[in-house]
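Residue numbers (this note's numbering): 38 to 143. Okay, so here's the structure we're looking at.
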């Protein structure tokens, strides 16, 4: 089963909506820049439950599952485009949360 990698970001109050949109578009572009990403979907958090904790954008990536988890580990630790994006994100966002799971594995 593929591995699902979910990332949510919140932004500082000083970042205008145009900056948030540009940040999100830059993340979505990683789909075509990074090796091993099977799919990437994203959007603005819109749950009526009010439990988002001020996280505004959510990104869902899927990687092929393999015995050694090569695609996800390469993306996380070695992919040049992702490494550049992480450095950019560290200077842009006020918070991030990440969850990974393999479907059906509890």
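Where is the CB? At the ideal position from N, CA and C, for every residue including glycine.
Span of the beta strand (DSSP E), counted from its first residue to its last, around residue i
{"i": "residue 7", "result": "The chain is shown only over 38 to 143; residue 7 falls outside these bounds and no answer can be derived."}
Residue i and residue j closer than 8 angstroms at C-beta
{"i": "residue 64", "j": "residue 133", "result": "no"}
{"i": "residue 40", "j": "residue 135", "result": "no"}
{"i": "residue 96", "j": "residue 77", "result": "yes"}
{"i": "residue 61", "j": "residue 94", "result": "yes"}
{"i": "residue 73", "j": "residue 111", "result": "yes"}
{"i": "residue 119", "j": "residue 75", "result": "no"}
Bridge partner(s) assigned by DSSP for residue i
{"i": "residue 44", "result": "96, 135"}
Member of the options whose CA lies at the smallest distance from the CA of residue i
{"i": "residue 130", "options": "80, 137, 122", "result": "122"}
{"i": "residue 71", "options": "142, 109, 140", "result": "109"}
{"i": "residue 80", "options": "69, 87, 57, 86", "result": "57"}
Residue i: first and last residue of the uninterrupted alpha helix (DSSP H) it sits in
{"i": "residue 121", "result": "117-129"}
{"i": "residue 65", "result": "54-65"}
{"i": "residue 107", "result": "107-114"}
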